[in-house]
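Under the working numbering, the first residue of the sequence shown carries the number 1322, and numbering increases by one thereafter.
Heads up, the beta-carbon is just placed ideally off N, CA and C, and yes, glycines get one too.
Owing to the predicted nature of the structure, the values given are computational and were not obtained by experimental measurement.
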Amino acid sequence: GYVDLWRSLPVGFIGGIVCSSAVRFRTSRGWDDTLDVWALHGVGGASGVILTGVFANPALAPAGGILYGNTSQLAIQTLSVLLVTAYSFVLTLVLLRVISIFTPLRLNEIDEKLGLDRLQC
């Protein structure tokens, strides 16, 4: 589906709230994601894809969103998020396992406290 200009405003507004909430959630859990990639790109992207199923305009594409009475588009968008999430998780896990054979994935505790800026100077 496609979202027209005026309906992209609530998508962006809602997406901003979702991203901000995801950053706060991640921080409260103490997860190591310095650049907030999960919160901003993962959760933000997923919310944008799902909201397309709500706000999609049938004048721009054959299938509109829920606002135009088409509930199947939201189901398609949600399923696509779930499939991409599962694919990305599995492939990332495989790649991390392969990489860990050749090099450690995490710094030792002393180097981590010292920081990479000082460690690599």
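Asked                                                                                                                                                                        : Found
Assess contact between the stretch 1432–1440 and the stretch 1401–1411, defined as three or more Cβ pairs (one per stretch) separated by less than 8 Å. Is contact present?  : no
Using 8 Å as the threshold, is the C-beta distance between Arg-1347 and Asp-1354 below it?                                                                                   : yes
Using alpha carbons as the reference points, say which of Leu-1330, Tyr-1389 and Asp-1357 lies closest to Ser-1342.                                                          : Asp-1357
Verify whether the separation of the beta carbon atoms of Asn-1308 and Gly-1369 is less than 8 Å.                                                                            : As displayed, the chain neither begins before 1322 nor continues past 1442, which places residue 1308 out of reach and without an answer.
Within the same chain, show all residues whose beta-carbon is closer than 7 Å to that of Arg-1418, passing over the 5 residues directly before and after it, in chain order. : none
What's the gap between the Cα of Gln-1441 and the Cα of Asp-1432?                                                                                                            : 10 Å
How far does the alpha helix (DSSP H) with Thr-1406 in it extend, from its first residue to its last?                                                                        : 1392–1423
Tell whether a beta-carbon distance below 8 Å holds between Leu-1388 and Phe-1376.                                                                                           : yes
Just verifying my parser: in three-state terms, what is the DSSP assignment at Arg-1347?                                                                                     : helix
Starting from Ala-1380, trace the alpha helix (DSSP H) in both directions and tell me its first and last residue.                                                            : That residue, Ala-1380, is in no alpha helix (DSSP H); it is neither H nor E in DSSP.
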